[in-house]
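Here the structure is laid out as structure tokens; the discussion comes afterwards.
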């Protein structure tokens, strides 16, 4: 592409402001052309619109959109963007249901545009090295521990507790995206328990037990979104060759307790490099394995009512 890809952000919230805007600004092959949000919020100097319809009516030339709105709202805006002929970058999770993503993907194929269902944690610096070390390995043990304080990371975001909001699986799906990327086995959900505050619709904590061919019997995950001073984002794997631990959400890798040097771009700059490559090559990338595991956890999970939670 000789000119920068002109991209609009739809849904200008914390993730857009903290991650998408800097990643776009730091890439000479991209240009932030507009933002769309109900509040008409945008960085200084960037045109803001209340809807995709208003953006289309403005006459601005747009090549692509990054959809950073809620999973519930994402399908409608994705279809609007596809109808306009714009390439689509989906924040994670790509939508609230597998069926909704399937419809978006079918529309993108029919329109001949690029669709990228992004999983930012897969682009953390240590993930590729962990995947390489695990290729062909026999997995003896596997566990995920993912704990963070919802009040710190999602203050006042009521949608995340509503149906389609994912609750603790909003961060937990990041861990599942890493696991499905690095493990040389296919994960399924054998059992799950979901702790749901009595005044909320979505879980604040979850415990998963994994199954699948080649998956050890005690493979499990624990997600917790309650108040804590011990935040951790860790994936531990024991193989027939030794032990690996991805820590800090995939930023660091330990092999038998020894730090492995890793390098590379941060998650969102790497995501946009991938998106640009897909657009250039006329391809799409839609991997629904992390979302399918979450859906199966809700299908198989035992719901337990726990104490009310207030922001």
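Numbering (this note's numbering), first residue to last: 223 to 533.
Ideal Cβ positions, reconstructed from N, Cα and C, are used throughout, including at glycine.
Counterpart residues of residue i in DSSP-defined beta bridges
i, result
"residue 253", "228"
"residue 419", "528"
"residue 413", "431"
CB contact flag (residue i, residue j, <9 Å)
i, j, result
"residue 489", "residue 241", "yes"
"residue 293", "residue 387", "yes"
"residue 297", "residue 335", "no"
"residue 472", "residue 400", "yes"
"residue 397", "residue 366", "yes"
"residue 273", "residue 235", "no"
"residue 314", "residue 395", "yes"
"residue 421", "residue 531", "yes"
Proximal residues to residue i (C-beta, below 7 Å), its chain only, five neighbours per side dropped
i, result
"residue 423", "383, 384, 385"
"residue 278", "306"
"residue 359", "406, 461, 462, 463"
"residue 438", "361, 362, 363, 364"
8 Å Cβ shell around residue i - same chain, five flanking residues per side excluded
i, result
"residue 403", "341, 344, 349, 353"
"residue 452", "369"
"residue 265", "239, 243, 254, 257"
Quick check: the region 306-315 against the region 475-484, are at least 3 beta-carbon pairs closer than 8 Å? no
Specify whether the region 422-431 and the region 348-355 touch according to this definition: at least 3 beta carbon pairs, one from each stretch, less than 8 Å apart. no
Whole alpha helix (DSSP H) runs in the region 305-392 with 4 or more residues, listed along the chain? Fully enclosed alpha helix (DSSP H) runs of 4 or longer: 320-333, 349-356, 372-375.
Starting from the N-terminal side, write out each stretch of the beta strand (DSSP E) that is 3 residues or longer and does not extend beyond the region 438-479. 442-446, 454-461, 464-469, 474-477
Pairing CB atoms from the region 401-412 with CB atoms from the region 517-526, are three or more of them under 8 Å? The region 401-412 vs the region 517-526: in contact.
Contiguous alpha helix (DSSP H) assignments of at least 4 residues, all confined to the region 232-307: Entirely contained in the region 232-307, the alpha helix (DSSP H) runs reaching 4 residues are, in chain order, 243-247, 274-280, 296-305.
4 or more residues per run - each alpha helix (DSSP H) lying fully within the region 478-533: 489-503, 511-522
Do three or more CB pairs link the region 434-443 to the region 524-532 at distances below 8 Å? no
Assess, as a yes-or-no matter, whether the region 298-306 is touched by the region 450-466 under the definition of 3 or more beta carbon pairs within less than 8 Å. no
Specify whether the region 489-506 and the region 314-326 touch according to this definition: at least 3 beta carbon pairs, one from each stretch, less than 8 Å apart. The region 489-506, when compared against the region 314-326, does not touch it at the 8 Å Cβ threshold.
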